[in-house]
Every structure is written in structure tokens, then in C-alpha cells.
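Taken in sequence, the protein lines are chains A and B. In terms of my numbering, the first sequence is residues 21 to 434. In terms of my numbering, the second sequence is residues -5 to 289. One structure below.
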Amino acid sequence: MTRPSLLGSLAISAFLFVSSLGCLIIQPDLERLAPLWQASLFASMLLIVASYSFSKAASLKTVPFLALDTLLCSAILYLAYSGILHEGFVIRRPLGVGASFDYSFILPLLIFFASLLCIKDAINILYDYRAKGREVLVFLAVRLSAVLSLLLLGGILFIIVYKGIGVISWDFLTTPHRRLGQAGGISTAILGSLWMVLGAMVISSPLGIGAAIYLNEYSKSQRLNRIITIAVSCLNGVPSVVFGLFGLAFLVSYLGVSLLSGSIILGLINIPTIILTCQEALKSVPNSLREGSLALGATKWQTIRKVVLPSAAPGILTGVIIGVAKASGETAPIMWTAVTFTATPVQMIYGVIPNVFQPVNNLDYHLLNLIYFLGAWDVEARAWGTALVLIALVLGTNMLAIVVRNHYRKKISW
Amino acid sequence: MPRKYSEFSVEALLFISAIASILIMILIFYFLIHESLPAFSQLGIVSLVFGSKWHPSGDIYGMMPIIATSIIITLLALFINILIGLPLAIYLAELAGPRSQAVLKPSIELLAGVPSIVYGFLGVIILVTYLQDSFDLLTGRSILAGSMLLGVMFIPRLTTICEDSLRAVPGEFKEGSLALGANRWQTLRNVTIPAASSGITAAILLNIGSIIGETMAVLLVVGNVARMASPMYDIFDQGASFTSIIAGEMGEVARGSMHYHVLFAVGFVLLIVVTIFSLIADYARIRIKRKFGGY
């Protein structure tokens, strides 16, 4: 008898939970929902209290918990029912903070809270307040928050694709922007990004891979290894805006605001990522391979070049690809050192090599400028389009890295 | 003989690339100190760092509002981050079936790569408008908006590292606990999470560093007004963090002016703070490795 009524109250509370959470997010008119919420909360409470008094769980030890929860729920119910919490109810700037909390925020919040209490009590009674009930409760909460956070993260991706896909066209991708981004496309930004990232990889890959090889294969001094590792992890933590300052103070005075400065800075940012991933890759090569090669009379460098590097190649490639993704998503370090909001295409020398001493446009910087223009000009659609292109570029390269890694992980067996 | 020379030159080249990161770190410190020295020497370290007013137009510079706001933003963002990220990690490591793991883990790793400018864009379009409408704010650009955005942004990073350290706890630990009659939640709370706590701590420390250092997303939603929130706890007020003040004002200052040097000084303080956090995280990782052998 108690079981079905508890399940019923759980179902009602679940409805309360979902609907109040939804209302917190979209903030619709609550005229219809409010009476429904009151009725459901009342029903749910009644079912819980009734089933509690008929169940085996009723005892002096558990009664205070239930009494407290019931009291809170009835207080919420009273507030909603008596009309204290009416339409137009506002707590205006409490304690001097700059926000007001109105009816359409407070009511869903209270209902949300009450639904959580009801779910908790119903499950506890269902399992007679034993440890099993607690396990079910906690794992339910973990599952719920996992689902919610996945919805949040998925929603972010979805909304960019949904809003941006309408703007994408061949024209948008292949023409430069006109009238401050209100018309035209983003071709200069795409090209600028590509050249800059390419330059960054040319600078960071040899340095990063070389450092990883030295640390893993050559270095004999434990202390030097330790110092380099610390430097790498510090470098990894240096905020991108500090790299921007560094570039402004150091590179811009020699190279000017130019593609080259941007590439160097992005390259420096990438070095730690590449070192760390390459070290992982080199570590996974078994020593027997190295020893076999050395035993055949190969020198150390021959061993590395012919045996170790080919075996570690997929891992190294993964690191480089992750570096590409990271470099194409950075804005702060290049803002003052490499980019302008230009519609002129990248100048080429002999039609093949870009002139590295010119400032170029860049996807991230283009998007930043469009965001600044948002209120003033009609650029929102194009901003969504730019965001979609940027995200497709970055996530596409990241996905490539994951695919490469998984593919070779399955294939290689020592 | 030539073979020996080539061996040697290769090793020398590799050595140079290995110490490159030390050199870069030294160069960064050198240039930040060099450019911020005029600010520190002319305004005085104490009055620059602990001064409570920031008025670039009147050449009055005090970093206290920026430091206070940065601390509030970081704490709030970290709270949101852990609140959402840790349950997700627990779900992935303990509850998810193999098939959903195979889908979810790579996609969460993928999401860690979403550029911060895109988060900033979403923050401006969606979050700021939402806060402005639902709390009747003067402007939705607020400390709260910045912290929410940062908290959400770094969920994938926290989740990935925490999940790895939860998974690295040896199965025997859990099996032992389960065999003693504890249920899965008791095992998780009393065995798995304490055993993985050092990895989780390292993840949180790393995340603190990234939250403090994140620029574009904060710059766009935080309002970038360097003043103390009028009651200290008013998270609905506008503010400015280390990164947002640098990124927001550096574009407009004249090279070599006092404002320019002061912004470098802000960057230097930021660099020190972040470096301390990465050193602690690094130390924690080493100690953990020594203590537990790898998780």
C-alpha cells in the first residue's frame, strides 16, 4: 500500500523538479502553472506523510527529519497559497546588492527546493531509512547532475550550430568582410588564422619534440630533468594574456605588429603542450626496442630516428594536432601583437610565401570585433557564423587528434 | 669520427630545445619586470598593490579592487566548477556503462577545446541578457556572469583529470570495501574519493590557475570597471579581474606611459600568483606519485 503511493509522490515531485527548473531557465508566465504546483506539492506531501505513518520506517529516530521537511514544504505551500507570494511580488535590492528578486524567480526556486525535499523523503521512506536508500539517493543526484551538465555542454554546442549554420555559405567563407563586418564573409580571417597557426606549429613542433626527446632519451642528470619539468609546467600555467604582454614588450619592438610576432607567441604557448604529450608517447615505447637496436650496433641517434620516433609517431602527431587546436583558439596573446581587423587578404611574396611582416586578420579577433559591434550594428548573424567556423576548426582538429590516438592505440601492440 | 660529430651535434641541438622552456620562462619574467619596474619604483609597491582606487584618467592606480574582484570571481567560479564537474567525473568513473563511457569521455575532452572567445560570445548574447532580465540589473555584465561563465568553461578539464584519478584507484581497494558489506556509495565516500583526493586536489589547483588566467570570456561579461563592489559581497555589481583589466585597457594606452607600465605591473602580479599555483600543483603531483605510486 505504501509503495505505490510513494512512487506516486516521487512521480509528482519529479514533475515539480523538471517544471520548476525549466521555469527558472526560460521564465515563462506562471499564471497557469502556479495553482498546479500548489496542488501537486500538497498531494505529494500528503502521500509522503500518509505512507510514512503506515510504513515500518516510522520511529522516533526518523520522525524529526520528516517533520522538519514537512514543515519547510508546508511553509512554502503556505507562502504560495495565501497570496503573500503573489504576482508582482518583489524583493528589491536586499542587503544593498544590485539585484531584485521577483515572483517569477522566487516561486520556481522555492518549488524546486520543495521538490528536492519531497524526493529525498520519498526515497528514504521507500528504503526504510537504511544505507541502501542513501546510496540510491546519492547516485540519483549524481546521475541527475551529470545529465544536467551534459545537457548544458551539449546545449552550448547545439546553439552555436543551430544559429550559425544559416549564415554559412560558399560566399561567406570566400569573400572578405565589408562595412565593418555587416556584409561579406570572413575569408581574410580564415586565411590569417591558417597562416598564423602554421607558423606557430613550425616554431613549436621542433622545439617541443626536441625537448621531449632530450628529456626522455638523453638527459642523465636527474636534477636538470626536474628543473626543465618545473619550467615546462610553469610555462603551461602562464596565462595567455601574459604572453600577450611579453610579446608586446619584446617582439613588437623588433618585428612590429606582424604575422611573425603572432606565430612566435602562439608557438611559445604551444611548446609545453607538445612536450608533455610527446613525453607520454616516448615513454610508452618499450625499452626492449631501444636495446635491440643498440645491440645491433646502431648509434643512439640512429636508434631514436629509426626505431623510437616511428613507434612514437602517432602519439607525437596527436600532440601536434592538439597544439594546432590550442593555437587556433587563442585571442588574448595576439590582440596587440599580430592582428588588425583588416579586409585586405594576406599579401604573398611570389604568390606562395606570405609576407610575415604584415598584420593579418584572425578568426578569434574577427569574432571579438563583431562582439564589440553587437549593439551598434547588425552583425549578430555573422558573429554566430564566425563562431561556428571557429568552433568547427578547433573541434575538428581535436577530433582528428582523438581519432588518431584511438586508431593507433588499437593497432599497436608491443 | 664524423659519425661521432653528428651524434654530438644532434645531442647539442636537442639540449638547446630542452632548455628553451627555461629560457622562455626567464625571458617572460625579465620583460615583465623590466616593463613594470617604472610603475613599481615611481608609485611604490605598497600603494600600487594595496591602493584602493583605480582611476587611469587621473593617474591614480591601486590594484586592490582588481585583486578583490579576482578573488571573488575565482572562488565563485571554482565553486560552480566543482559543483558540476565533480559529480560528472564520479558518474563517468563509477556509474556509466562502458558504451556511454566510450561516447562521453571523448566528447567531454573535445569540449575542453572550445575557444574562450566563443564562451565570451555566448556569455554576452545569452547569459548577460538572462541575468539582466531576470534580476532586474542595471547591466547584466557582472561578477556573477563572469564566474558562471568561467565555472562552466572549465568543467571539462576538471572532469577529465578527476575521472582519471578516480579510475586510477586500484580495484582491490573497492573490492575489499564491498566485500566487507559496504554499499557502493559508502565505498565511494570512504575509500575511492579519499584515495583519489590528491589527484582531485591537483586538478582543482590547476583549475584555479586557469580560472585566474582566463581572459577573453571574463573581459566580455564582467563589465571591466575597476572599483570595489559597494557591499563587498555584491556579486551583481560590475568588476574587473587581472586579465580583463589588462586586455581591456592595453589596447588604448600610449606605449611608455605610466598606465602602460602599471598594466605590466598587473600582469606581473598575475604571473606571480599563477606561477605559485602551478608550482604547488606540480609539487602536489610529485608528492602523490611518491606516496601512492601514480594516482
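C-beta: ideal position from N, C-alpha, C; glycine also.
Does any residue of chain A have a CB that is nearer than 8 Å to the CB of residue i?
i	result
GLY288 of chain B	Any reading at GLY288 of chain B must be qualified, since the residue scores a pLDDT of 45, below 50, and its modelled position is unreliable; no value is offered.
VAL146 of chain B	yes
GLU169 of chain B	no
GLY261 of chain B	yes
GLY233 of chain B	no
ALA190 of chain B	no
ARG161 of chain B	no
PHE25 of chain B	yes
ASN184 of chain B	no
GLU5 of chain B	yes
LEU214 of chain B	yes
I'd like to know whether the C-beta of residue i is nearer than 8 Å to at least one C-beta of chain B.
i	result
TRP57 of chain A	no
ASP148 of chain A	no
PRO226 of chain A	yes
PRO259 of chain A	yes
ASP122 of chain A	yes
THR351 of chain A	yes
GLY116 of chain A	yes
ILE180 of chain A	yes
ALA166 of chain A	yes
PRO292 of chain A	yes
Quick one: list the residues of chain A neighbouring residue i, beta-carbon separation under 7 Å, in chain order.
i	result
PRO100 of chain B	ILE422
MET244 of chain B	TRP356
TYR55 of chain B	Correct list: empty, because the minimum Cβ distance to chain A is about 16 Å.
GLY203 of chain B	GLY257
Can you tell me whether residue i is buried or exposed, with buried defined as 16 or more other CB within 10 angstroms of its CB?
i	result
LEU227 of chain A	buried
GLY288 of chain B	In this predicted model, GLY288 of chain B has a pLDDT of only 45, less than 50, meaning its place in the structure is not dependable; the value taken from the coordinates is given anyway. Exposed: under 16 other Cβ atoms inside 10 Å.
PHE263 of chain A	buried
TRP404 of chain A	buried
TYR113 of chain B	buried
PHE73 of chain B	exposed
HIS427 of chain A	exposed
ARG281 of chain B	exposed
ALA315 of chain A	exposed
TRP190 of chain A	exposed
LEU255 of chain A	buried
LEU132 of chain B	exposed
Between residue i and the ligand ADP, is there a pair consisting of the residue's CB and a ligand heavy atom that are separated by less than 7 Å?
i	result
ILE66 of chain B	Among the components of this structure there are no ligands whatsoever, and the ligand ADP is therefore not found.
Under the assumption that residue i contacts residue j (Cβ atoms under 8 Å), give the Cβ distance between them as a whole number of angstroms.
i	j	result
SER29 of chain A	SER64 of chain A	4 Å
LEU77 of chain B	TYR55 of chain B	Rounded, the Cβ-Cβ distance is 36 Å, inconsistent with contact.
LEU26 of chain A	ILE145 of chain A	6 Å
ASN382 of chain A	MET216 of chain A	6 Å
GLU246 of chain B	LEU257 of chain B	Going by Cβ atoms, the distance from GLU246 of chain B to LEU257 of chain B rounds to 10 Å, so no, they are not a contact pair.
Determine the extent of the alpha helix (DSSP H) in which residue i is found, giving its start and end residues.
i	result
LEU44 of chain A	22 to 46
GLY296 of chain B	Residue 296 of chain B is absent from the model: chain B starts at -5 and stops at 289.
GLN242 of chain A	242 to 257
TRP57 of chain A	53 to 74
VAL108 of chain B	From DSSP, VAL108 of chain B is part of no alpha helix (DSSP H); its letter is neither H nor E.
LEU92 of chain A	83 to 101
TRP321 of chain A	320 to 323
GLN299 of chain A	279 to 303
SER308 of chain A	307 to 315
PRO226 of chain A	207 to 233
ASP127 of chain B	122 to 129
VAL359 of chain A	Unbroken run through VAL359 of chain A: none, as it is neither H nor E.
GLU157 of chain B	149 to 161
ILE341 of chain A	329 to 348
SER136 of chain B	SER136 of chain B -> no alpha helix (DSSP H), and no H or E assigned at all.
SER489 of chain A	Residue coverage of chain A in this structure runs from 21 to 434, which leaves residue 489 of chain A outside it and unanswerable.
GLN180 of chain B	178 to 181
GLU107 of chain A	GLU107 of chain A -> no alpha helix (DSSP H), and no H or E assigned at all.
Can you name the residues of chain B whose CB is closer than 7 Å to the CB of residue i?
i	result
GLY276 of chain A	Within 7 Å Cβ-Cβ: nothing; GLY276 of chain A doesn't reach chain B, min ~12 Å.
ASP384 of chain A	PRO109, ILE111
Name the chain B residues that come within less than 9 Å of residue i, Cβ to Cβ?
i	result
LEU387 of chain A	PRO109, ILE111, VAL112, GLY114, PHE115
CYS254 of chain A	SER15, MET19, VAL268, THR269, SER272, LEU273, ASP276
LEU30 of chain A	Residues of chain B passing the Cβ test: none, with the nearest at roughly 19 Å.
THR319 of chain A	ARG(-3), LYS(-2), SER0, GLU1
ALA269 of chain A	PHE25, LEU26, HIS28, GLU29, PHE258
VAL83 of chain A	Here the premise fails: no neighbours, minimum Cβ distance about 24 Å.
Residue i touches chain B at which residues, Cβ-Cβ below 8 Å?
i	result
TRP215 of chain A	Ordered by position in chain B, no residue passes the 8 Å Cβ test against TRP215 of chain A, which lies about 18 Å from the chain.
ILE411 of chain A	VAL108, PRO109, VAL112
Run through chain A and tell me which residues come within less than 8 Å of residue i, C-beta to C-beta.
i	result
SER141 of chain B	Under the 8 Å cutoff, chain A gives no residues; its nearest Cβ is about 14 Å from SER141 of chain B.
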